[in-house]
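The working numbering puts the first residue of the sequence shown at 2, with every later residue one more than the last. Heads up, the beta-carbon is just placed ideally off N, CA and C, and yes, glycines get one too.
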Amino acid sequence: MIDLLATHYNYLMFVALVGLGLYGVTASSNLVKKIIGLNIFQVGIFLFIVTSGYIDGGSPPVVHGHGAETYVSPLPHVLILTAIVVGVSLTAVALALVVRIYEAYGTLDEDTIREVRLND
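Right, dumping it as structure tokens:
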């Protein structure tokens, strides 16, 4: 079991990052902390997808007389590049919404905002 964790530490890091991100999203009532937790969660997913596409001894899929028998698929890396762009855009929109919420309610606490909206 120890040897398995020593060789596949990336999966352990994946579980730790996803757990930490999920905890940040669910446990905090501060909206900025929720966005940070969402970003940590995304990084864990990115790590999992990139490392699951790794093949030991594989070579790049360039076929100019290379002669390798095992090639590494570039698809996971391309998907992660796209996901990073989407994640940055999502973070920018979320932070812009947080700024507008703070201007409207004067707080970033989710419970306080809910109380103010219920009393209106």
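#1: Starting from residue 36, follow the alpha helix (DSSP H) in both directions and report where the run begins and ends.
#2: How about the segment 15-29 and the segment 77-90: do they share at least three Cβ pairs that are nearer than 8 Å?
#3: With DSSP as the reference, label residue 121 as helix, strand or coil.
#4: Below 6 Å CB to CB, which residues in the same chain sit around residue 11 once its five sequence neighbours on both sides are set aside?
#5: Between the segment 96-108 and the segment 38-49, do at least 3 Cβ pairs fall closer than 8 Å?
#6: Taking a contact to mean a Cβ-Cβ separation below 8 Å, would you say residue 50 touches residue 81 in this structure?
#7: Could you check which residue in 36, 70 and 114 has the C-alpha nearest to that of residue 93?
#8: Express the C-alpha separation of residue 23 and residue 110 in angstroms, rounding to a whole number.
#9: For residue 110, which of helix, strand or coil comes out of DSSP?
In brief:
#1: 32-53
#2: no
#3: coil
#4: 52
#5: no
#6: yes
#7: 36
#8: 18 Å
#9: strand
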